[in-house]
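Start counting the sequence shown at 51; every next residue gets the next number (my numbering).
All residues carry an ideal CB built from backbone N, CA and C; glycine is no exception.
Below: the structure, in structure tokens.
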Amino acid sequence: MPEDKITKMVVISDTELPSDMAINAYKVSSDVTIKETCYGLMVTGTRGEVDKVVNEVRKLNPTKIFVKERGFPPGDERRCRANRGGGPRPGFHQLKNEIDMLPDIGKGLILVDRGSKPLDLPEAKNIPVDKFKQIIAEEAEKLGGKSQS
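Okay, here's the thing in structure tokens:
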């Protein structure tokens with residue numbers, strides 16, 4: 051039975067170039083399809099070949115190159131914009147939010163590599179209802195209104 055094809059998205063931080071990633075990906079395997087995108091690459095092929103390519107590309111800069119598996123293959127009618135009349139790709143806005151977080155995630159990974167430990171944060175405590183009502187009354191007084199406490 052032939053192995054199923056998968057697609058993984060290689061999402062890069064703003065200091066990397068998709069063309070550099072593509073060149074390195076092609077050096078690893080010619081048995082995959084590689085598409086450059088605005089956020090990095092899409093690598094399509096058998097799971098073994100895709101994983102091999104993605105793992106090698108990530109070695110170039112593991113704190114700035116991230117990978118996620120795509121749920122649908124490119125051109126799939128369920129997701130293709132051509133069949134929906136255009137518009138943003140479904141999932142694009144989520145991907146954009148994830149990309150915006152990558153610099154901070156990369157910095158965190160560097161700190162972990164250097165041995166940093168997470169900070170112990172104090173447990174958040176709710177304030178008593180009476181104290182909350184008092185704060186509301188004080189703020190209402192400042193604004194010239196009357197509190198209904």
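- Distance from the CA atom of C88 to the CA atom of D126, rounded to whole angstroms, is 20 Å.
- A distance below 7 Å between beta-carbons, with the five flanking residues on each side excluded, links F122 to the following residues of its chain, in chain order: R128 and R129.
- The beta strand (DSSP E) runs lying completely inside the stretch 62-104 and spanning 3 residues or more are 83-87 and 90-96, given in chain order.
- The three-state secondary structure of E119, taken from DSSP, is strand.
- For A174, there is no enclosing alpha helix (DSSP H), since its DSSP letter is neither H nor E.
- With respect to the 8 Å criterion, P112 and L91 are not classified as neighbours on the basis of their beta carbons.
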